[in-house]
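Protein chains in written order, with our numbering: chain X, 1 to 272; chain Z, 1 to 285.
All remarks here apply to the structure that follows.
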Amino acid sequence: MTVAAAGAATPQTRRRPVGATARNLRALGVYTLSVLVGVGVWQLLAMSYGSTLVASPRETLAAAEELAHNGTLANSVIASGRRILIGWGLGVLVGVPVGLLVGQIRIVRQFLEPYIEFFRFIPPVAFVTLAVVWLGIGESSKVVLIFYTAVFIVTLNTSAGVMAVSESKLRAAASLGASRRQILRGIVLPSTVPHIVTGARLAMGNSFLTIVSAEIVAAQVGLGSLIWTSRNYGRIDWVFVGIITLGILGFVFDRVLRIVASRVLRRYGVKL
Amino acid sequence: MTKAIETDRLEAGSAPGRGAAVSVDGVGIRFGSFQAVRNISLDIAAGEFLCLLGPSGCGKSTLLSAMAGFVAVDEGDLKVGGAPVTGPEPGLGMVFQSSEALFDWMTVRQNVAFGPRMRGATRAAQTKLADEYLGLVGLRHCADRFPGQLSGGMRQRVQIARVLANEPGVVLMDEPFGALDAQTRQVMQEETDRIWRASGCTVVFVTHDIDEAILLADRIAVMTAGPAASVKSVYPVDLPRPRDETDPAATELRRALRADIGEEVRKALHDQGPDQDADLKGNVR
């Protein structure tokens, strides 16, 4: 019996990992190919336009080594990463409860809707001047701009999630004796988690789009500031380093967010 | 007549009734200008199993929602255990058609313990109640799984256990087996009969399946086609339990019910056409 069961299980357990590994290897191969093609095209463009317009991959790598060596790269990554994390984190912390209330309570929704519908069309870059005038050239002006770009999208996604909670769950909870508050915390919030995670991911993307404009004015360090100041030195290769680092940092942040969210929040139906 | 049925059941030695009587007196329900049901009167005895049978869109789910306190009554009186229904409450349990009503992020045990938890029962009491009712529906071994890991029939049994853990006087069931395959449905019907007898609750069971009604009900209330549906006729089911569908008396009853409902379905088709029928379903929800 045991033998038979083991015998039956073996080919399957053996075959599936092999299939999975083969698929993973192929995916890795395609990714590698994709990057190689990209670098090749980049190299061709650099050769045809010259290094004053397009820094070649080799020049960019050299510039990255130079910036890494004098600490500029690490400092920029840390400064920008910190601003993004703080602004985005505050955006999620504020956006989730506001979104819950907007989705759940009609009068709150009606009261806030005009503002949400108004401000979500105004890009953060439009507020750069005001942020500096009002908040000075310190960290707070940049963090507030990131917060601004994150909070609306989290609020909107959360409230959409609240309104998508199935009626039968709400009715079931009510008839099982849950109060309004218990329903909000115990049913609506957990049901909305997948929407919240989607909102947080979109907000993370927005934060990266915003960081460069947030650092336009008066930032000493940061990837955005690196990109802007490199222009003054005429260092196209530094601009390339800044842009590529930004892309890699965003990719890493999103990956970490996805992995953490799908591990910690799996029971709430988060699949990424 | 209802009295006779109740004594029958007690004589048969089923659990002492804790069921509450439901009295529906001239009830009408409107959604805006749409009259869903009108002038419905029904007296359901404590511990009785009543099936509401009717063509789709006839307002039977609307009536059930009113009994559960989800929908307010516009005309007439709706009382459970002598008191008017004012809103959802643990004494009025609802088993929904879709297992979407389960809380997917909670284990089966946590789902069943939800009612006791809301009442402020101690953790030990919650677990004890949950396990007791999971035992009753035969799902004790699944207590630590999540609803998404269970089959459709098992999920509906979790819903039933979750409602019973509140020890309700009335259990309302809205086509609970409508989404199940024929074999599972048959098993669930037998289980429902057994669980109902063990619990002693009053059950109001909405279905459009004639055989299901004959298998389960003490009485079957047939509704007219909507809109403004009402109760057309009430059939007592005087057959010994557990029921045998090949019983000649059952065949006779099936024939009568089929003729009665067929008439309503034809009326609905002539009066409304399919589009409006779909509309009504959406309204009832």
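Even glycine gets a Cβ: it sits at the ideal position worked out from N, Cα and C.
All values reported here derive from a predicted model rather than from experimental measurement.
- A direct Cα-to-Cα measurement between Gly-19 of chain Z and Glu-48 of chain Z gives close to 8 Å.
- C-alpha of Glu-215 of chain X to C-alpha of Arg-258 of chain X: approximately 27 Å in a straight line.
- By the C-beta criterion, the stretch 139-154 of chain Z is judged to be in contact with the stretch 102-115 of chain Z, since at least 3 inter-stretch pairs fall below 8 Å.
- Within the model, the alpha-carbon separation for His-69 of chain X versus Leu-223 of chain X is close to 16 Å.
- Of the residues assessed, His-195 of chain X falls on the buried side of the cut-off, its CB having 16 or more other CB atoms within 10 angstroms.
- Under the three-state reduction of DSSP output, Arg-18 of chain Z falls in the coil class, being neither helix nor strand.
- A check of alpha carbon separations from Gln-189 of chain Z across Z:Asn-39, Z:Gly-120, Z:Arg-241 identifies Z:Arg-241 as the nearest.
- With fewer than 16 other CB atoms across the displayed protein chains lying within 10 angstroms of its CB, Val-133 of chain X is exposed.
- Residue contact check for Pro-90 of chain Z against chain X: a CB pair falls below 9 Å.
- Of the residues assessed, Gly-59 of chain Z falls on the buried side of the cut-off, its CB having 16 or more other CB atoms within 10 angstroms.
- Taking 9 Å as the Cβ-Cβ cut-off, the stretch 175-201 of chain X approaches chain Z at Ser-175, Leu-176, Gly-177, Ala-178, Ser-179, Gln-182, Gly-186, Ile-187, Pro-190, Ser-191, Val-193, given in chain order.
- Comparing C-alpha distances from Gly-247 of chain X to each of X:Val-30, X:Ile-227, X:Val-108 shows the shortest one belongs to X:Ile-227.
- Rounded to whole angstroms, the gap between the alpha carbons of Thr-60 of chain X and Phe-152 of chain X is 36 Å.
- Close CB contacts of Thr-210 of chain X within its chain, under the 7 Å cut and outside five residues either way in sequence, are with Pro-124, Leu-145, Ile-146, Thr-149 (chain order).
- Apart from the 5 residues on each side of it in sequence, Val-221 of chain X sits with its Cβ closer than 7 Å to the Cβ of Asn-75, Ser-76, Ala-79 in its chain, given in chain order.
- Under the three-state reduction of DSSP output, Thr-210 of chain X falls in the helix class.
- Taking a contact as a CB-CB distance under 8 Å, the pair Ala-68 of chain Z and Pro-88 of chain Z counts as one, their CB atoms being some 6 Å apart.
- Relative to Ala-229 of chain Z, the option among Z:Lys-79, Z:Ser-61, Z:Leu-164 whose CA is nearest is Z:Ser-61.
- Taking a contact as a CB-CB distance under 8 Å, the pair Ala-45 of chain Z and Ala-21 of chain Z counts as one, their CB atoms being some 6 Å apart.
- Under the three-state reduction of DSSP, Ile-153 of chain X is assigned to helix.
- The beta carbon of Gly-95 of chain X does not come within 9 Å of any beta carbon belonging to chain Z, so the residue lies off that interface.
- Between Ile-261 of chain Z and Gly-54 of chain Z, the C-beta gap is smaller than 9 Å, which places the two residues in contact.
- Counting along the chain, Leu-101 of chain X sits inside no beta strand (DSSP E); it lies in the alpha helix (DSSP H) bounded by residues 72-104.
- Secondary structure of Cys-51 of chain Z (DSSP, three-state): strand.
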